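Working notes, beginning with the structure itself.
Residue numbers (our numbering): 1 to 135.
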């Protein structure tokens, strides 16, 4: 029987896939907010890392994937090093990116980048962005 919250079924398949890919149990998170407080990218994120985990708990895949949060995660592991429960949040963010890219939803479209911008961007940063943000 599916888990219901406010009359809606929780997307358990999304949660199962995140756990399978990341190897992390998102239910370790106790919503303390330490990850969001430590995150150097937090001010640019649409939803905080804490909120992202909260939404994942409820299987709200579309809200998490629609935000820029998983794409802005720098995987610096500051959140992981400060998490009192030892949750490796960068692995969870990577799992969400992979699930999105498996649906062939590119976050960056290389051919839409202006030539002027390409000239000014470091090649290594562009390669890293293409690996992280394209299927």
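Glycine is no exception: its CB is placed at the ideal position from the N, C-alpha and C atoms. Since we're looking at a predicted model, the values are computed, not measured.
Sub-8 Å separation of residue i and residue j beta-carbons
| i | j | result |
| --- | --- | --- |
| residue 26 | residue 57 | yes |
| residue 85 | residue 29 | yes |
| residue 98 | residue 21 | yes |
Residue i at chain C interface by Cβ criterion, 8 Å
| i | result |
| --- | --- |
| residue 126 | The structure shown contains no chain C; it holds only a single protein chain. |
Inter-residue CB distance, residue i and residue j (contact presumed, cutoff 8 Å)
| i | j | result |
| --- | --- | --- |
| residue 32 | residue 78 | With 8 Å as the limit, residue 32 and residue 78 do not qualify as a contact, their Cβ atoms being about 15 Å apart. |
| residue 50 | residue 73 | Their Cβ separation, rounded to whole angstroms, is 13 Å, which puts residue 50 and residue 73 out of contact at 8 Å. |
| residue 88 | residue 24 | 5 Å |
| residue 61 | residue 11 | 5 Å |
Backbone CA spacing between residue i and residue j [nearest angstrom]
| i | j | result |
| --- | --- | --- |
| residue 42 | residue 13 | 28 Å |
| residue 1 | residue 16 | Because residue 1 carries a pLDDT of 47, less than 50, the predicted location of this residue cannot be relied on, and the following value inherits that uncertainty. Roughly 15 Å between the two C-alpha positions. |
| residue 93 | residue 76 | 12 Å |
| residue 122 | residue 67 | 26 Å |
| residue 142 | residue 113 | No statement about residue 142 is possible, as the shown extent of the chain runs from 1 to 135 and does not include it. |
| residue 63 | residue 55 | 7 Å |
| residue 125 | residue 109 | 15 Å |
| residue 69 | residue 111 | 23 Å |
| residue 131 | residue 52 | 23 Å |
| residue 91 | residue 128 | 17 Å |
| residue 82 | residue 19 | 21 Å |
| residue 118 | residue 71 | 20 Å |
Boundaries of the alpha helix (DSSP H) in which residue i is found, first to last residue
| i | result |
| --- | --- |
| residue 22 | 12-22 |
| residue 93 | 89-102 |
| residue 120 | 115-120 |
| residue 109 | Counting along the chain, residue 109 falls outside any alpha helix (DSSP H), and DSSP gives it neither H nor E. |
| residue 74 | Per DSSP, residue 74 belongs to no alpha helix (DSSP H) and is neither H nor E. |
| residue 61 | 61-66 |
| residue 53 | 49-57 |
| residue 39 | From DSSP, residue 39 is part of no alpha helix (DSSP H); its letter is neither H nor E. |
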